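Colleague: Okay, here's the structure, questions in a sec.
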Amino acid sequence: MSIEFQVPDMTCGHCVKTITGAVTAAAPGASVAVDLPTHRVTISGTDQADKVEAAIRDAGYEPQRV
Numbered sequence: 001m002s003i004e005f006q007v008p009d010m011t012c013g014h015c016v017k018t019i020t021g022a023v024t025a026a027a028p029g030a031s032v033a034v035d036l037p038t039h040r041v042t043i044s045g046t047d048q049a050d051k052v053e054a055a056i057r058d059a060g061y062e063p064q065r066v
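Taking full-length UniProt numbering, I'd label the letters of the sequence shown as residues 1 to 66.
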């Protein structure tokens with residue numbers, strides 16, 4: 001299972017690192033794939049979409065579930 005978010009305010013490598021860290025802290029063992037040009041974050045290895053979304057929000061971003 002994978003969870004996808006559009007994160008329009010993710011604009012640079014620092015954003016990617018921050019979001020990746022937030023997701024892996026919230027869902028240990030999950031894998032995070034980021035496509036920066038399209039602002040898309042795909043998480044696999046967890047089914048805790050609400051927890052992952054909250055972690056991205058807590059990191060200061062506005063994820064939108066795809």
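Quick reminder that beta carbons are idealized off the backbone N, C-alpha and C, glycines included. Remember, predicted model here, so these are calculated numbers, not experimental data.
1) Suppose contacts are defined by Cβ-Cβ distances below 7 Å. Is Ala25 in contact with Val52 by that definition?
2) Are the beta-carbon atoms belonging to Met1 and His39 less than 7 Å from one another?
3) My assumption, with CB atoms under 8 Å, is that Ile43 sits in contact with Val7. Please give the rounded CB distance.
4) Determine the extent of the alpha helix (DSSP H) in which residue 141 is found, giving its start and end residues.
5) So the candidates are Ser31, Asp47, Thr46 and Pro37; which of them puts its Cα closest to the Cα of Cys15?
Modeller: Looking at the coordinates:
1) no
2) no
3) The Cβ separation is near 12 Å, so there is no contact.
4) Residue 141 is absent from the model: the chain starts at 1 and stops at 66.
5) Pro37
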